[in-house]
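Beneath this line is the structure, given in structure tokens, with notes to follow.
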Amino acid sequence: MAYQHQQIEQKWQEFWDKHQTFETTDETSKPKYYAADMFPYPSGQGLHVGHPEGYTATDIMSRYKRAQGFNVLHPMGWDAFGLPAEQYAMKTGHNPADFTSENIDHFRQQIKSLGLSYDWNREINTTDPSYYKWTQWIFEKLYENGLAYESNMMVNWDPIDRVVLANEEVIDGKSERSGNKIERKALRQWVLKITAYADRLVDDLDDLDWPEAIKEQQRNWIGRSKGAAVFFDVDGTTTNEKIEVYTTRPDTLFGATYMVLSPEHSLVDSITTSEQKESVENYRQEIAVKSDLERTDLNKNKTGVFTGAYGINPINGEKLPIWIADYVLSSYGTGAIMAVPAHDDRDFEFAKKFDLQIKTVISGGNDVDVAYTGDGIHINSGFLDGLDKTEAIDKVIAWLEEKGSGHAQTNFRLRDWIFSRQRYWGEPIPVIHWEDGTTSLVPENELPLLLPHATELRPSGSGESPLANLTDWLEVTREDGVKGRRETNTMPQWAGSSWYFLRYVDPHNNQKLADTDKLKYWMNVDLYVGGAEHAVLHLLYARFWHKFLYDIGVVPTKEPFQKLVNQGMILGENHEKMSKSKGNVVNPDDIVRDYGADTLRVYEMFMGPLTQSKPWSEEGITGSRRWLDRVWRLLIDDNDQLRDHVTTFNPLDLEKIYHQTVKKVTEDIENLRFNTAISQMMVFVNESYKSAALPLEYMNGFVQLLAPFAPHLAEELWVRLGNSESISYVTWPKYDESKLIDNTVEIIFQVNGKVRGKATVSRDIDQDAMVDAAKADENVQNFITGKQIRKVIAIPGKFVNIVVS
RNA sequence: GCCGUUGUGGCGGAAUUGGCAGACGCGCUGGACUCAAAAUCCAGUGGUGGCAACACCGUGUGGGUUCGACUCCCACCGACGGCACCA
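The opening position of the first sequence corresponds to residue 1319 in the numbering used here, with each subsequent residue numbered one higher.
If you want it as structure tokens, here you go:
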């Protein structure tokens, strides 16, 4: 009888459920292995074929490690707060909680149909009050440690709908939904001081087993740069205020010919001369109405105005005109620069446009049309003359420090994390603002601060979240009669996902976010698999929280994820990203129904390397199904019985290929090369078809190798081979290295590096004999007779290369 | 523009230590089975030439190192991803 995937898959899924096969205990006598997936947002669309790719990879590792004797933690959960639910709720008048829970049920059922070996007792959900209690608790700890503060920050503001939008909701300067033009508006926000961890977030990347590309993206995002702060006096001013600039090239200080403040700089008003006041004001207004997009468009066309004031270069006393220009950002460094047009592209462009002086202080640039930003010998630079860049930087910083005119300084591109959202469907920030002007946290013993049930979500219109409408929840009175108002901002979706991997370790603890000993045993995550789209935000935020929790003694490790792997995207058959509009979306439910979960798993792993993007192919999936059919027929006959040539008798014709297969599959799984592991199993099956007898030992071993990839089929065949139920914890097969070596080897003969012949020889043949054999080869002789042999290279057991002139 | 990844048959991809390029799968061709077809099993399949043995060409392009390069070095081109005036 043919392979009946539906029946077999249902049978074994029920078996695993009933026997709690994958329940994880904290059995610390065993070595541990923690394999986690990036948990999904349970969208209304359900599972995508991209999801099973990463999930299958961690599942293969989990099943493999169990067979290797590891105690495996392999959990799943739901990142269930988020914008789509809120938008849907506003449109339909439902509560996001209700259909979020429906979506989760749908996701869980879909994921279970894939036969993934999760411990469902540890399922977590970020919207569950017993979970977000601890998200709120972490926020309170951050607040108590001075890492959470309130500040006016610029946000994306839809002036017609009167709502705040996330960056990703703004497309080309317009709201993705309403199409309204978005403005920048300052609003009070909660902000987390991630910049306090900037250095450690960069430095600790070095020890992580992550893709270099992701580490590099994080380094760029954090953007650490080393340079100097330099103080410039303002000429003729009555105040003592100096302008502090930041530069990475203090060595070019002698080449500074003007200065620029950002239009928002606090000293602009006080230094601008009365003659220039009007043009400065006009320019600032012009800038203020421009959106980010328009500012970016101005990239190639620099603008700015002169303030009328002059700064004094501390190194030589020269007077430098002070301009304001929007190419200097108020949010980076000090919002003020010294301009060295000869050696900075942006300053050069600006100087050309406004006809400012350009003074060369480094030799090496020959082109008068561009700035020279490279290294070179300093000239026209007083005591720096003759030095190269590194020497000059050291010397000038020492000079500045001695004179009190500056010092070495490190700056970061990274900004503090705007942590509040003007939304309903998120964790309430547990803060009360009192009418006496004070702010307090909700006491720890009152956590979780529950998100109030709202039947109808309406925008508040004020820029606050819909929570501002819920008066009963909003207003509180203290024992002493002082009235207060709860914080209406909620946390961003990143909050719950910044620590969920800790909760899996001890998901039902109501005393702590997780037990310390359990964390000591299970952390770090040994393998973390997810999409590269989280390269920066999620992975950076999670690292930040983890380091903070480490500092306050909650977690035992500095980093959460030791090894990170990004699975590639699964593209449509046309090699384009799957999308509804392109009509190339494949629904995993259809594949599971028509071909089976095992086929889907094997196909997704066989398509190509895990980390690469690869296109879906309908023919490819039938090929994988055909192979599983072939595996089935190898062992099971038409009458649904084990074939009689599966036997305890071993004629040894499969011995070598069997041991090779165990070795290759084992090593490939260790290195996440699942595609080549499968291809090796295919080779083994092909060989087995040619063999008259199928030794039981090899068939058992092969089914074990197959089990991580096609677990349902493997469980079924395992029983049919006469073993007792459940393959999951049976010790992984071993290979014998001595069985891989033949007594004879094939060596190749080359002439001038080209293959001209080959021969099968004894494995321990010596070099001379190999060379003799090569010279005796008929075809080799065609190429060497009549020519002079200049050199012979012979690697024993491999090849002979005869070099002739 | 800058940073990163990547480029191999008709297609997905192997070759992770510099040593037989194209494993494995798909597709295609032929054979067996069948009245026939499907399914299955077996064989072949980079290009050009040749009955064949074999020869020449061939891993994005152009150079280089080496007895020998998909692999290492230099320059360039294309695709994908990220950042985008960060001083």
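Cβ coordinates follow ideal geometry from the N, Cα and C atoms, glycine included.
Check: Rounded straight-line distance, which links the Cα of K1620 to that of R1664; Outcome: 9 angstroms
Check: At least 3 beta-carbon pairs within less than 8 angstroms: the region 2019-2027 vs the region 2045-2053; Outcome: yes
Check: Beta carbon of L1972 nearer than 8 angstroms to that of S2006; Outcome: yes
Check: Collapsed DSSP secondary structure at H1696 in the structure displayed; Outcome: strand
Check: Any non-hydrogen atom of the ligand ADP within 7 angstroms of M2088 CB; Outcome: Inclusion of the ligand ADP in the displayed structure is not the case, the ligand content being empty and no account of it being possible.
Check: Strand pairing of M1472, partner residues [DSSP]; Outcome: A1504
Check: Supposed contact pair H1751 and S1815 - C-beta distance, whole angstroms, cut 8 angstroms; Outcome: No, S1815 and H1751 are not in contact; Cβ-Cβ is about 27 angstroms, not under 8 angstroms.
Check: Which listed residue (P1581, E1599, L1571 and G1554) has its alpha carbon closest to that of Y2149; Outcome: Residue numbering for the chain in the displayed model covers 1319 to 2123; residue 2149 lies beyond these limits and cannot be assessed.
Check: Given 8 angstroms, three or more beta-carbon pairs between the region 1903-1916 and the region 1361-1375; Outcome: yes
Check: P1402 - containing alpha helix (DSSP H), residue span; Outcome: L1401 to T1410
Check: CB contact flag (V2073, A2091, <8 angstroms); Outcome: no
Check: Collapsed DSSP secondary structure at W1817 in the structure displayed; Outcome: coil
Check: F2101 - containing alpha helix (DSSP H), residue span; Outcome: E2096 to I2102
Check: Distance CB(F1399)-CB(Y1351) smaller than 8 angstroms; Outcome: no
Check: Residues bridged to G1395 [DSSP beta-bridge criterion]; Outcome: I1442
Check: Own chain residues within Cβ distance below 7 angstroms of E1458, not counting five before or after; Outcome: P1748, L1759 and E1762
Check: Beta-ladder partner(s) of D1355, from DSSP; Outcome: V1847
Check: Limits of the unbroken beta strand (DSSP E) element including V1482; Outcome: V1481 to L1483
Check: Under the three-state DSSP convention, the category L1585 falls into; Outcome: coil
Check: Buried or exposed (CB count within 10 angstroms, at least 16 for buried), G2104; Outcome: exposed
Check: For G1694 and A2087, the rounded distance between their alpha carbons; Outcome: 60 angstroms
Check: For M1577, three-class secondary structure by DSSP; Outcome: strand
Check: Pairwise C-alpha distance: I1442 and M1394; Outcome: 7 angstroms
Check: Other residues of its chain near N1729: CB distance less than 6 angstroms, five sequence neighbours each side excluded; Outcome: S1543, Y1564 and G1651
Check: Cβ distance (whole Å) where A1314 is taken to contact P1878 below 8 angstroms; Outcome: An answer regarding residue 1314 cannot be provided, because it is not within the stretch 1319 to 2123 covered by the chain.
Check: Sub-8 angstroms separation of H1963 and A2025 beta-carbons; Outcome: no
Check: From R1739, G1799, K1533 and H1725, residue whose alpha carbon lies closest to that of D1754; Outcome: G1799
Check: Exposure of A1606, with buried meaning 16 or more beta-carbon neighbours within 10 Å; Outcome: exposed
Check: Continuous beta strand (DSSP E) stretch holding M1656: start and end; Outcome: A1654 to A1657
Check: Extent of the continuous alpha helix (DSSP H) run through Q1331; Outcome: H1323 to H1337
Check: 8 angstroms contact criterion, which R2038 and I2113 should meet: CB distance rounded; Outcome: Actually they are not in contact, since the Cβ atoms of R2038 and I2113 sit about 47 angstroms apart, beyond 8 angstroms.
Check: Segment contact flag, the region 1836-1846 with the region 1502-1515, C-beta cutoff 8 angstroms, min 3 pairs; Outcome: no
Check: Under the three-state DSSP convention, the category A1669 falls into; Outcome: helix
Check: S2046 and R1381 closer than 8 angstroms at C-beta; Outcome: yes
Check: Residue nearest to K2008 in terms of C-alpha spacing, selected from R1518, G2075, R1948 and K1430; Outcome: R1948
Check: Limits of the beta strand (DSSP E) - the one that G1801 falls within; Outcome: What sits at residue 1801 in the sequence shown is Lys, not Gly. Its beta strand (DSSP E) spans residues K1801 to R1804.
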